[in-house]
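In this note's numbering, the protein residues as written are 71 to 1077. Quick reminder that beta carbons are idealized off the backbone N, C-alpha and C, glycines included. See structure below.
Next up, the structure:
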């Protein structure tokens, strides 16, 4: 049975002003009637009562207006089109249609994280029926892709706080609501089945859902259960990384001759390709409710979801930092200087590579809760809510970052890279290879280089399939990594309401609760103990008798590399490069490495690479296996006790609440601390140098923190025109807590690449971020199921967290080039140290506009516009200008039709350009990463027939939008951050990310 809204109302006399324009455009016609708020409405022009049952998209829009109109705070809401089906494929995409909401996208273009009113996801919380949801990463904010949208019935975005609401968000709280079997008494059920197709990747997927709801005839018992299974194959083309190097030359010309011009950085590395997902989601949710009397209600509800999203990234990789060759000459020549950057260069001793970047993401999320409500007396009601939520991501050591490159029977790489940047596109990358490297006297037909006489074109060799032979390939770096994250939240809350009904106070609400959270992260990897670099010599020869020739994959009988030509590969990316994509089989590569056990490893030979003398150290695959890294692992326990009291008040035309919530939080964090004491490399030159890093004995580190913060709040609403124009005002103090990893001083570094970068993920004693905020809004319900609203907001944030940077820090680390400590002189290795700290400030202000209207002809519109301005200040009070951590301007426009069983909509979501990464958050201090504006268009058509049958088609990303980001806003420098090792992230959404168009066809039946 289709869920609908049954309304009885009168039409306001003053409701004909704004909609007359739309009415004339639709040929006149009467206006359909909307859901009433439950309060008395004004008289209609005829004085007659009308009763209409509204269903479909119209019903969902009306329900959202009803929730907004009757709320005690400033909020926006979105509701499911029917039980078991949300308006979009994922909750985040549906939220993007609301004012003040922006989302970030993961592979396939799916919405993942939500930002509210200009503040990033870390400033917001996501709750499930007002309970804290455990999360699978370091943050408190939920990754929405773990939740199928079908398991919820509505989502509310609370933008102004009140004392009785859970604290923890400065931007806003997203509360996901589930259905009750008593929402629609009786026996009901339904099934959905659908399939999808992506025009870029030509891949397919499917999804199946089912639900059943029933209540007994006495209204005492009710049960609801739902299940979802989906299996989607996805390809995302992405710039994984394009970064600059601040440790290269700082002038051009590089030797400082002539009239040198300053360089802040030089190009060093670019990786791009295709990420393939097989994203499977399974979920079960439900509730059992018992209502033995009119005064007692008890409900047990639960949720279990499993996301299995193994991502395999097949990438081309070009690593070319400025350096010197074996003769002491610069590897760079023919450089082009343009507007303060090197926009083109030729690189000798270059090594073309491929990268396998896998993310073995698997997340189990669960929540089970008990809720009891008791009307103790005619004036006193009590409510008890207890729950446990958990998230488990066993990913440690299961991710990979593996390389393969062309072998060469020489001690050094012998290829040439010709690189040139392109405006608003990827660089042109043309590699020249001597035919002798391939064992040939001349290049194969049609593969001669057009840039270097006598050389072969790597692009032509790849695209022709010539290099699809494992005798030409071996490995250099074998990264095995990943985080195992466990999060558990337990909460209990007791709330009460006492009806005062005296003076202007209607009731007092009061309550308290306790929340205990335990989160741990176990870094299981092989970078920190040098396991990733054990095979760093395999590309080249080390001389007889140790490594007379490179150890190619084929030399040991293994097929590790294959080639594929994906349809529409990197479409619209610009630049020139091979369009045949190398695929590296990680399992086959590991078996290849095992076959080398017992053979001498030239990395540890004396005088490598010119000769390889004893003593010899054998390859040992067990030394490459990932190990627990205590320095980048942590355990955090957090206990929060809260108490609140709130007065709810009302008069003839006004209502409001005033209260205070007092929060006491204690945290205990543990990790281990150590920094490298030395690092060494056997060779002073090389395009792909490997460094061996040694640590001092680690020391356990524990820290304790606590704080007590009162959070006052007030919300007022006034009906300036009864039931038509409602004015609101709110003021409150709010807080956001640091991410849990920021409470433990874990550390990681880039010494394995020879770069003196030391990163502390946390700082002991980090304080919560606090803010004062104010809201003003006007809601004009000028017609039934129609409204125009405007909201103004301002926030003043203090004690914000910033990344403090210290340079040239001497921690006693020594660097040795040419051999291990004791064989060559060492030099101090001075670090650039980064760590989070409190002290930054900022202000945010903005305006939100919404318009919603439906006509009796079934035609309607839903539109929103949000503009946010921001101003940042560093820890010293210095102005940083607009910080724009999320798009400062967003808008959404939906055109809707819903009448006589046929419904459809087309929606355009727009997000302006913004600062993707702050000026201190990229590899070049002072150069932020700027994202282009982004537009996302979706559409759907549904047709209902017979009794309960529905067929539909849907589409997303109809304009084939591509996400693009540029370093310092320079259109010559597309930028992406690279793989966030261990964090289930691969740079999607930045630089260049193409998702293609996805089309869905499905059928449903409900009874």
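Within 8 Å (strictly less), CB to CB, does residue i reach chain B?
i           : result
residue 598 : Among the chains of the structure shown, chain B does not appear; only one protein chain is present.
Using the three-state DSSP reduction, which class does residue i fall into: helix, strand or coil?
i            : result
residue 183  : strand
residue 213  : coil
residue 229  : coil
residue 643  : coil
residue 18   : This structure cannot settle anything about residue 18, because the visible part of the chain is limited to 71 through 1077.
residue 1067 : coil
residue 501  : strand
residue 311  : strand
residue 911  : strand
residue 132  : helix
residue 621  : coil
residue 316  : coil
residue 659  : helix
residue 165  : helix
residue 1077 : coil
residue 609  : coil
residue 396  : coil
residue 139  : helix
residue 1002 : coil
residue 177  : helix
residue 221  : helix
residue 146  : strand
Once the 5 residues before and after residue i are set aside, which same chain residues still bring their CB inside 6 Å of it?
i            : result
residue 705  : 590 and 740
residue 745  : 881
residue 441  : 369 and 455
residue 725  : 787
residue 283  : 251, 258 and 294
residue 172  : 185, 956, 957, 960 and 981
residue 1054 : In this prediction, residue 1054 scores a pLDDT of 48, lower than 50, which makes its location untrustworthy; no coordinate-derived value is stated.
residue 1070 : 264, 266 and 1024
residue 860  : 848 and 919
residue 595  : 551, 696 and 699
residue 444  : 366 and 452
Is the CB-CB distance between residue i and residue j below 8 Å?
i            : j            : result
residue 953  : residue 937  : no
residue 961  : residue 977  : no
residue 768  : residue 700  : yes
residue 502  : residue 517  : no
residue 454  : residue 566  : no
residue 1035 : residue 999  : yes
residue 647  : residue 386  : yes
residue 603  : residue 760  : yes
residue 1018 : residue 968  : no
residue 856  : residue 791  : no
residue 921  : residue 828  : no
residue 798  : residue 838  : no
residue 1063 : residue 1021 : no
residue 487  : residue 392  : no
residue 316  : residue 1040 : no
Among the residues of its own chain, which have a CB less than 7 Å from the CB of residue i, if the five just before and after it don't count?
i            : result
residue 608  : 544, 545, 546, 620 and 621
residue 972  : 1013
residue 731  : 233, 237, 712, 714 and 781
residue 1075 : 260, 261, 1018 and 1019
residue 274  : 265, 266, 267 and 303
Following a CB-centred definition, is residue i positioned closer than 7 Å to any heavy atom of the ligand PLP?
i           : result
residue 392 : This structure simply doesn't include the ligand PLP, nor any ligand for that matter.
Apart from the five residues just before and just after residue i, which ones in its own chain have a Cβ nearer than 8 Å to its Cβ?
i           : result
residue 221 : 248, 296, 298, 353, 355, 373 and 375
residue 913 : 864, 865, 866, 867, 940 and 941
Ordered list of beta strand (DSSP E) runs contained in the segment 768-817, each at least 3 residues:
769-791 and 795-806
Three or more C-beta pairs below 8 Å linking the segment 180-199 and the segment 358-366:
no
Enumerated in chain order, which unbroken segments of the beta strand (DSSP E) with a length of 3 residues or greater are wholly contained in the segment 944-971?
949-951 and 959-969
Of all the alpha helix (DSSP H) runs that stay within the bounds of the segment 517-556, which reach a length of 4 or more residues?
528-533
Is the segment 488-500 touching the segment 335-355 in the sense that three or more CB pairs, one from each, lie closer than 8 Å?
yes
Is there contact between the segment 342-353 and the segment 377-395, where contact requires at least three CB pairs shorter than 8 Å?
yes
Three or more C-beta pairs closer than 8 Å, one from the segment 655-665 and one from the segment 628-646: is that the case here?
yes
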